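There are 2 protein chains.
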Amino acid sequence: MVETACSNFKVVVIGGGLVGSLATVYFANKDIRQDKHASGRSINLALSTRGIEALKGAGVDDEIIPTLIPMKGRYIHALDGSFNTQNYGIFGQCINSVDRKLMNEKLLTVAEKHALVKLNFEVGVERCDFESGEITFVNNKKEKIIVSDADLIIGADGAFSKVRQQLLRQLTMNFSQEYIGHLYVELNMPPTKSGDYAMDSNHLHIWPRETFMMIALPNLDKSFTVTLFMPKEKFASIKTHQDLLTFFDVTFPDAVTLIGRDLLVEDYFKNPKGTLMTVKCDPYHYKNKAVIVGDAAHAMVPFYGQGMNCGFEDLIVLNELFSEHVPSNRAPTEEELGTILSKYTETRKKDAHAICDLAKQNYIEMRSGVINPKYLLRKKFEDFWHRRFPDLIVPLYTMVSFSRIPYSEALQRYEKQTTWFEWYLKARITFKVVLALAVAKAFMPLVKKLIQ
Amino acid sequence: MVETACSNFKVVVIGGGLVGSLATVYFANKDIRQDKHASGRSINLALSTRGIEALKGAGVDDEIIPTLIPMKGRYIHALDGSFNTQNYGIFGQCINSVDRKLMNEKLLTVAEKHALVKLNFEVGVERCDFESGEITFVNNKKEKIIVSDADLIIGADGAFSKVRQQLLRQLTMNFSQEYIGHLYVELNMPPTKSGDYAMDSNHLHIWPRETFMMIALPNLDKSFTVTLFMPKEKFASIKTHQDLLTFFDVTFPDAVTLIGRDLLVEDYFKNPKGTLMTVKCDPYHYKNKAVIVGDAAHAMVPFYGQGMNCGFEDLIVLNELFSEHVPSNRAPTEEELGTILSKYTETRKKDAHAICDLAKQNYIEMRSGVINPKYLLRKKFEDFWHRRFPDLIVPLYTMVSFSRIPYSEALQRYEKQTTWFEWYLKARITFKVVLALAVAKAFMPLVKKLIQ
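So the sequence lines, in the order shown, correspond to chains A and B.
Mapped onto my numbering, the consecutive letters of the first sequence carry residue numbers 269 to 720.
Mapped onto my numbering, the consecutive letters of the second sequence carry residue numbers 269 to 720.
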């Protein structure tokens, strides 16, 4: 542990996942000494504008961007094996498939290089005393490690956060966790014999099946990570290898060939069935002492691809508040920290709640909306006006994935656009009726002549 | 600890509050050996039909009923010192003011008398292993006490339940806790000099002040427990004795005299300001091993006076399920227990959620509805029809407080009655307009004559 010339300010970041490691880089850049404690998890990810902006803000985008695989749209697999594609943005914007493990390693490597950063792996939080800033960790030999005098504790320890659990005991905190009744399992689609991607690698693949769906994202090794989302009961009904193969033959006939029957059976039965949960809470901070970020503060279902992006954006918001309230190269005072953290909760809460709700809604869009005529008409309508008035009408997906418009504002603008679209639909019907009447009137003399 | 002839069935009830001690009596009546562990809390309570039915079911109503003070309606104190009363039920039904401590003692005494019951006070749960049925308690000397081989664990350990916390770790459980932004403080209104109640003791007293309120319930010692509910900010704005007295002089002029200025100041500043929270979760049980009841499962704000009643009714429901699925005088099999507990969650969840929502709504009714003309008109309308068709139209308050109609059904029927009432309002306006026109027409010749 190294003290900097400028400060007696000690930040402890708890959690070494994506958000935790990026948080460490952000605070290391502030020339403030740090502790760092870590652990890991799975599922493949999509990085979009908010996440990229956060990487840029920490100066680590150069490390990460070369490892991304851009996906310009959805590749939709129909039941009969046919397909169509839908671009994400009309200006060619892409979301990017990310290797979680690789990105995490790169972020930790950058963090580690900072002279001020000290990383500690394989320790778990047992207790945080937020008032005194004392944290009790336990390592894998069950030994206690006490870190005292933390000036700021950052909880980035994921959806089942221990830091949040400690906040729940020491604050009056609103809190909810809600599981959706669906589970997921990850499968693998290997490269072809010639060593190439088995499907188009510049799209996110979806097999929308109304009440459930399967998706696939490309990996750097030319394989795809395939994720099947289904109701619990459907998982329970697949008991034997034959049940599984029959189900895939009927439901995902093209995918079963590309995955391979043996590998499908192996992965499906071996891999864990994950639950899907939304966590909301309020506030995110304890006075001027602690704050939770990322999944610890707002775990969401993965259907908008915004979990990591929102967690990264948390750090932009927090960093902006530090810049706004603390002169550079000086540690914040207790009062400044109090202001920063309470403003953080105030502004971030509504945005995090909005994206949690949007993420839940987007499951329905992905599994059935993308093949629904009304949805497609709206997409056409909004794309048309967005091309002409790029700032006035912006499709929701573009606001969420390709801008830094606050999520809550994006949701409000979307609702307003819904009203406009409903008016358009009414006008469209009126126009058709008027046209039909005009045509009927024009042809009336002819009809009269014919029937006379 | 005593084993019964009929069973190797060991029930551990955690929590010795009202619901916990009544649960102990229920299971002792089943001739099943038990452990019992306890702690305590405050605020005065109203016992109504559901709670009384539960006491009867456990055979302890004879002990309790003599200690109740019936309240037949609301006694509403206006700003100018005037008052009016509203009966709770048109057939003279009463809710009953309860001394929490006395009732708790009586229930524990009954429980203690059972040969099979073993009570352990001043121990806290540290860990439950639901799978093995092993519970680790810690006593006030920090010694661990391990209770193993529990066949059924009943968590009745209140709003901040440790058993629920353990369930949250070992189950995929939906959970929410939500604070309303109001706090409460308890005050005391002593008996008069002549040793009598300072106000009418057969009513629940309310000082409705639109955005906040004060209430008072009678105690056996002729005092009233007065509870002031207000937004956090309003509490924060009262800093000095003078602030408090000015506020009371303006807002509760009649109460301030009856409480006494010195006692008011003393109680207000000495007594803790309590938070008000709603807890919902789902499921309530762990396989065939554990179940949570009372506030542990569904803490609610106190405004419907149903927290204890609902917790007691939990035990009726659980007891009915036992009677339905297990032949009497034999311990349940693991399979039977599994069925009972999962049916318990299924049926009780929707009712508990309904009363949690109703309790929140009722704050608005108590602090402003009771003086709102539309509310009073509806009360008149429903009372009128309830008197004529007692089963068809039942006021919500009657369904909740004076029946065992499941809370969720009461809520649905209330919503239907709202529709009928809206129709009645429309018909009433139409009738008035028609009447006015008829009168105008009848008088027209006269008017014509006059103006000619």
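Using N, Cα and C, we set each Cβ at its ideal position, and we do this for glycine too.
Note that this is a predicted model, so its numbers are computed, not measured.
Local conformation of residue i per DSSP, three classes
i, result
"LYS412 (chain B)", "strand"
"CYS362 (chain A)", "coil"
"ASP329 (chain B)", "helix"
"ALA306 (chain A)", "Per-residue confidence for ALA306 (chain A) stands at a pLDDT of 38, beneath the threshold of 50, marking its modelled position as unreliable; no derived number is given."
"SER316 (chain B)", "coil"
"ASP651 (chain B)", "helix"
"THR752 (chain A)", "This structure gives no information on residue 752 (chain A), because the portion of chain A shown stretches from 269 to 720."
"LEU323 (chain A)", "helix"
"GLY392 (chain B)", "strand"
"THR460 (chain B)", "coil"
"LEU347 (chain B)", "coil"
"LEU660 (chain B)", "coil"
"ALA466 (chain B)", "coil"
"ALA599 (chain A)", "coil"
"ALA427 (chain B)", "coil"
"ASP367 (chain B)", "coil"
"ASP522 (chain A)", "helix"
Where the beta strand (DSSP E) through residue i begins and ends
i, result
"ILE673 (chain A)", "Unbroken run through ILE673 (chain A): none, as it is neither H nor E."
"PRO486 (chain A)", "481 to 486"
"VAL279 (chain A)", "279 to 282"
"MET339 (chain B)", "337 to 339"
"PHE503 (chain A)", "That residue, PHE503 (chain A), is in no beta strand (DSSP E); its alpha helix (DSSP H) goes 500 to 505."
"GLY423 (chain B)", "420 to 423"
"LEU387 (chain A)", "385 to 389"
Interface residues of chain A facing residue i [CB-CB closer than 9 Å]
i, result
"PHE443 (chain B)", "PHE443, SER444, GLN445 and GLU446"
Where the alpha helix (DSSP H) through residue i begins and ends
i, result
"ASN630 (chain A)", "602 to 635"
"PHE516 (chain B)", "509 to 519"
"PHE537 (chain A)", "529 to 538"
"PHE590 (chain B)", "575 to 593"
"PHE295 (chain B)", "286 to 297"
"LYS430 (chain A)", "430 to 438"
"ASP798 (chain A)", "Here chain A has residues from 269 to 720 only, and residue 798 (chain A) is not among them."
"ALA564 (chain B)", "563 to 566"
Identity of the residues DSSP links to residue i by a beta bridge
i, result
"VAL494 (chain A)", "A:LEU455 and A:ALA484"
"GLU380 (chain A)", "Partner(s): none; GLU380 (chain A) has no beta bridge."
"TYR554 (chain B)", "B:ALA558"
"TRP475 (chain A)", "A:MET482"
"GLU402 (chain A)", "A:ASP397"
"PHE443 (chain B)", "A:GLN445 and B:CYS549"
"ARG342 (chain A)", "A:GLN354 and A:LEU472"
"HIS450 (chain A)", "A:PRO499"
"PHE407 (chain B)", "Reading the sequence as shown, one finds Asn at residue 407 (chain B) and not Phe. Per DSSP, B:VAL391."
"THR543 (chain A)", "A:LEU451"
Where residue i meets chain B, residues with beta-carbon distance less than 7 Å
i, result
"THR440 (chain A)", "TYR447 and THR543"
Interface flag, residue i vs chain D, CB-CB below 8 Å
i, result
"VAL366 (chain B)", "Among the protein chains in the structure shown, which are A and B, there is no chain D."
* To do: Flag this pair as touching only if the stretch 368 to 377 of chain A and the stretch 403 to 411 of chain A have three or more C-beta atom pairs under 8 Å; answer yes or no.
  => no
* Any chance the stretch 577 to 585 of chain A sits against the stretch 278 to 295 of chain A, with 3 or more Cβ pairs inside 8 Å? -> yes
* Is the number of C-beta pairs between the stretch 458 to 475 of chain A and the stretch 483 to 496 of chain A that are closer than 8 Å three or more? -> yes
* Asked: Is it true that the stretch 414 to 421 of chain A meets the stretch 497 to 514 of chain A, where meeting means three or more beta-carbon pairs spaced less than 8 Å apart?
  -> no
* Check whether the stretch 436 to 454 of chain A touches the stretch 535 to 553 of chain A, taking contact to mean three or more Cβ pairs, one atom from each stretch, closer than 8 Å. => yes
* **At least three beta-carbon pairs within less than 8 Å, the stretch 444 to 464 of chain B to the stretch 489 to 508 of chain B** => yes
* Should the stretch 564 to 578 of chain A be called in touch with the stretch 619 to 638 of chain A, which here means at least 3 C-beta pairs below 8 Å? -> yes
* Is it a yes or a no for the stretch 347 to 361 of chain A touching the stretch 661 to 674 of chain A, going by three-plus beta-carbon pairs under 8 Å? -> yes
* Three or more C-beta pairs below 8 Å linking the stretch 382 to 402 of chain B and the stretch 426 to 435 of chain B -> yes
* Given 8 Å, three or more beta-carbon pairs between the stretch 324 to 343 of chain B and the stretch 692 to 709 of chain A -> no
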